[in-house]
Amino acid sequence: MISFDNHSKVYTLNTEQVLPITLKKSWDFFSSPKNLFKITPEHMNFKILTDFKKMYEGQIIKYRVSPFPFFRVGWTTKITYVEEPFSFIDKQVSGPFNLWEHTHTFKQKNNKLLVSDIVKYKLPLGLIGRIFGGAIVKYQLNKIFKYRNKQLNKIFLTNE
């Protein structure tokens, strides 16, 4: 679900998924940048350009990605907050958005795990960007997160 704040001009994507895994298992998976390619659609040609190290606050991660056919873009994010094993935040340092802040949270509930994502983003080019890109980016992000949820189910429902 993506909402738009007309005052701040910021879009917010909220997703939740329940997985049959422990908090530790979720942290081991989500805190490793190398696992991003496992949950990113193949057509996006996602490539991490930095070493795969254990995540830490201040870590810079560089990517190349094709959000649209024949359009490849560099993207750099910084891990700005880490509360192991419950939460971390990555923010775009450079890339296709004027703002990109992704908060990942993990909550154990009985023997299941609630994975929550809140992505705040702002499109470039102001009103023009919102008019011409708003619906397209919403569609793409919803599609990416649906794919991600499907992949996470495949990974964790088959590897219990």
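Take 364 as the starting number for the sequence shown in the numbering used here and just add one per residue. Glycine included, C-beta positions come from ideal geometry on N, C-alpha and C.
Item to check | For PHE367 and SER395, the rounded distance between their alpha carbons | outcome: 30 Å
Next on the checklist: Starting from PHE451, trace the beta strand (DSSP E) in both directions and tell me its first and last residue.
Outcome noted: Run containing PHE451: 450 to 457, per the beta strand (DSSP E) assignment.
Next on the checklist: Let me confirm a value: HIS467 is counted as buried when at least 16 other C-beta atoms fall within 10 Å, else exposed. Which label applies?
Outcome noted: buried
Next on the checklist: So, with DSSP's three-state summary, where would you put ASN512?
Outcome noted: helix
Next on the checklist: To the nearest angstrom, how far is the alpha carbon of ILE499 from that of GLY492?
Outcome noted: 10 Å
Next on the checklist: Only counting the same chain, and skipping five residues up and downstream in sequence, which positions put a Cβ closer than 8 Å to that of LYS506?
Outcome noted: PRO404
Item to check | Which of helix, strand or coil DSSP assigns to ASN473 | outcome: coil
Next on the checklist: Can you tell me whether LEU486 is helix, strand or coil according to DSSP?
Outcome noted: coil
Checklist entry - Is ILE424 buried or exposed, if buried means 16 or more other CB atoms sit within 10 Å of its CB? => result buried
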